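This report concerns only the one structure given below.
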Amino acid sequence: MFNPDETLNDRFEFVKERTASRIFHPRSLGDPLFTGIIATLAVIVLALLIGIAIELTVKAMPAIRHFGLSFLASTEWNPATDEYGAMPFIYGTVVSSAIALMIAAPLSLGVALCLSEMAPEWLSRKLGFLIELLAAIPSVVYGLWAIFVLGPWLRDWVEPVLSRYLGFIPLFSGPRVAVGMLTAGVVLAIMILPYIAAVCTEVLRVVPQSQREAAFALGATKWEMVRMAVLPYGASGIIGAIVLGLGRALGETIAVAMVIGNRPVISASLFAPSSTLASVIANEFVEAVTDLNVAALIELGLVLLALGLILNVVARLLVLSATQRRFSRVA
Amino acid sequence: MDNTIASTMRRKYARRLFLRKLKSDLMVGLTLLATVIALVPLFLVLGYLLSKGASSVNWDFFTKLPVPVGQAGGGMANAIVGTFELVGLASLIGVPIGIGAGIYVAEHHGRGLAQAVRFAADIMMGIPSIVIGIFVYAVVVQPVGGFSTMAGAVALAIIMIPLVTRTTEEMILLVPPELREAALALGVPDWRTTLSVVVRTATSGIATGIILAIARITGETAPLLFTAFGNRFWSTSLTQPIASLTVQVYTYAISPFASWQRQAWAGALVLTTIVLALEIGVRWVTQGSARAAR
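If you're matching them up, the sequences are chains S and D in order. So for the first sequence, the numbering used here puts the first residue at 129; every next one is plus one. So for the second sequence, the numbering used here puts the first residue at 5; every next one is plus one.
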């Protein structure tokens, strides 16, 4: 269709416009839309983390204002008189986690070495799978098992031996009961072991093969190779894995609440009932009557959150520095 | 004379080598022992579950409501359905957000927001689940005015999101860049490339991550205590409290009644069977190609 009034330039502009709208149509709408959607979803994740921190702080405010810093140091926890202090729970959390780490850390390092260095590939894969199953069992199931099996077993077989030979230390004296700090610590150890072992194994797998070969070339035995080449190289990652395990132990709730006895007191004996930050929240939150009681419990949650955040940041940085070294060295 | 010195040296050296090898073997044995010790609880727990729980798992257990103390029989039908309902709803909320955020983090690798989100997801995995329970209590339960199915699902979703985000990201980063380049060279827009080529290639890995996240939240108790709460009867609406296997097992386990404790063992057996079936099933299907979400 020829229009005599139309100049060549007009025609050119028209075609250019039409092609541009055709080519750029899908991009100009689809890409920003898609990026917008996934960016929004990504922001939700970020907002959740910030929201959790802010919301807990706001809801804990009445307790923070009322008790100030003495909240952390006070050993009095009495809903009847509306007096609240976090010390018994901080003590319970720290001690039960310490017991767990003392048992789980060496064992999981052993497991990690076995999986990554010692066992042949086929065996290592099977054992690794079983260790992962250990992590898959729900914590309420561990708690149930600990109430009826582990607790009584510790009371009848382990605690008598401990109090007989170490009874002069207050930690290992006192009446022996199935529910208490020791039982909680042992359950925690079982539960955090697979996590520490998994991260350790990953860290050790990153150690370059050349390091191992160099040690062997010098005539090292297998253990000497591990001690000279593998462990120093993976040290920071191993520590990171243990810190990660500690973070898990601090926050574990249900299994601990089921076996620790839930008494808000600091006792000298490890056999005695105690309470942790997480377990007291699980036990008392629904029954809390006064606003101050609720706020105090939420402040305990805030303490737990702060501990968890700090430990996780530290642990991730340690593990990251251990696993990313490979790339920086090779590059 | 020379001969004796040489042989003494040789004997000394051989002795030393023997000791070093002995020490090495001993340490290898110790690590193996550590692994065996670590696995003992797994078999003990599974063994006790079977021996104490199996006898109480029967038809009634799956079809009847719980009965008050003193009455015989009863089951956990509402708790089993409740667990599926909570996990299903949580997945509906958590999976899209997790996948979307994961795609963003992978596709905009190295950009400020992406790094911040990645770090946030890492940190969120370390937040104790009971803290998430408190958060949901404050933002859902309190404003709405009561414990509800919705609140429980939201709590589980929040636990699920960082797990899905991180596996999605890791699986997308494993996709060879050549695939993306081929699609872009054909003139396919970025978003189509991402969805139909990159994400599609990573689908099986992402699915594995989602199923492992589902297994994880199925076993959660703490965040449900004051969100979904629990219910002795059927829950008919999303605004009502709802029973779940985990909370039911918890309540029964700490009760002083023998009949309830038996039910707790049965519930724990069913719960563990579901969770382990998911874990083992997904690994069996993918043959360990995808790494577990932690």
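Each residue gets a CB set at the ideal place from its N, CA and C atoms; glycine is no exception. Computed from a prediction, not measured in an experiment: that's the story for all the values here.
- Task: For Asn-62/D, write down the residues that DSSP places opposite it in a beta bridge.
- Result: Asn-62/D pairs with nothing; no bridge assigned.
- Whose C-alpha, out of Glu-174/D, Ser-200/D and Asp-194/D, is nearest the C-alpha of Gly-213/D? Glu-174/D
- Which residues share a DSSP beta bridge with Gly-389/S? Ser-402/S
- Item | Residues that DSSP places opposite Asn-206/S in a beta bridge | Glu-211/S
- Can you name the residues of chain S whose CB is closer than 8 Å to the CB of Pro-166/D? Val-173
- Shorter than 9 Å from the beta carbon of Arg-19/D to some beta carbon of chain S? no
- Item | Ordered list of beta strand (DSSP E) runs contained in the region 181-257 of chain S, each at least 3 residues | none
- Could you please give the first and the last residue of the uninterrupted alpha helix (DSSP H) stretch that includes Val-371/S? 359-379
- Helix, strand or coil at Leu-346/S [DSSP, three-state]: coil
- Neighbour flag for Arg-24/D against chain S, beta carbons, 9 Å: yes
- Does any C-beta atom of chain S lie closer than 9 Å to the C-beta of Trp-335/D? Nothing about residue 335/D can be reported from this structure: the residues present for chain D run from 5 to 298 only.
- Cα-Cα separation, Arg-24/D to Arg-15/D: 14 Å
- According to DSSP, is Asn-82/D helix, strand or coil? helix
- In its own chain, which residues sit with a C-beta less than 8 Å from the C-beta of Gly-179/S, not counting the 5 before and 5 after it? none
- Message: Is there a C-beta anywhere in chain S that falls below 9 Å from the one on Trp-269/D?
- Response: yes
- Message: Taking only three categories from DSSP, how would you classify Val-252/D?
- Response: Per the sequence shown, the amino acid found at residue 252/D is Gln instead of Val. Reduced to three states, the DSSP call for Gln-252/D is helix.
- Separation of Leu-299/S from Glu-89/D, as counted between CA atoms: 46 Å
- Task: For Asn-235/D, name the three-state secondary structure that DSSP assigns.
- Result: coil
- Message: Could you compute how far the alpha carbon of Ile-172/S sits from the alpha carbon of Ile-162/D?
- Response: 10 Å
- Message: Check whether the region 116-128 of chain D and the region 137-157 of chain D touch, using three or more Cβ-Cβ pairs below 8 Å as the test.
- Response: no
- Leu-183/D to Leu-199/D span [Cα, whole Å]: 12 Å
- What does Arg-444/S touch in chain D if you count any residue whose Cβ is under 9 Å from its own? Phe-123, Asp-126, Ile-127 and Gly-130
- Task: Measuring only between beta-carbons, confirm whether Ser-133/D sits less than 9 Å from chain S.
- Result: yes
- Message: Please list, in chain order, the chain D residues whose beta carbon lies closer than 9 Å to that of Tyr-270/S.
- Response: Pro-45 and Val-49
- Message: For the region 28-41 of chain D, list every residue whose C-beta sits within 7 Å of some C-beta in chain S, in sequence order.
- Response: Ser-28, Met-31, Val-32, Leu-34, Thr-35, Leu-36, Ala-38, Thr-39 and Ile-41
- Query: Going by the CB atoms, is the gap between Ile-320/S and Ala-228/S shorter than 9 Å?
  - Reply: yes
- Give the range of the alpha helix (DSSP H) segment to which Leu-282/D is assigned. 262-290
- Using a Cβ-Cβ cut-off of 7 Å (strictly less than) and excluding sequence neighbours within five positions of Ser-225/S, which residues of its own chain qualify? Leu-316, Leu-374, Ala-377 and Leu-378
- Ignore the nearest five residues each way along the sequence and tell me which others in Ala-187/D's own chain have a CB closer than 6 Å to its CB. Thr-197 and Val-201
- Task: Compare the C-beta of Phe-276/S with all C-beta atoms of chain D and state if any pair is closer than 9 Å.
- Result: yes
- Does the beta-carbon of Ile-9/D have 16 or more other beta-carbons within 10 angstroms, so that it is buried, or is it exposed? exposed
- Identify, in the order they occur along the chain, each residue of the same chain with its Cβ nearer than 7 Å to the Cβ of Ala-297/D, setting aside the five sequence neighbours on each side. In this prediction, Ala-297/D has a pLDDT of 39, which is less than 50 and means its spatial position is unreliable; nothing more can be read from the coordinates.
- Query: At least one CB of chain D closer than 9 Å to the CB of Val-441/S: is that the case?
  - Reply: yes
- Alpha-carbon spacing of Glu-183/S relative to Ala-423/S, whole angstroms: 12 Å
- Message: Let me check understanding here. Comparing Cα to Cα, which of Val-442/S, Ile-426/S and Ala-450/S lies closest to Ser-199/S?
- Response: Before going on, a small fix: residue 199/S reads as Phe here, not Ser. Out of Val-442/S, Ile-426/S and Ala-450/S, Ile-426/S has the C-alpha closest to the C-alpha of Phe-199/S.
- Note down, in chain order, every chain S residue with its Cβ under 8 Å from the Cβ of Leu-275/D. Pro-266, Val-268 and Val-269
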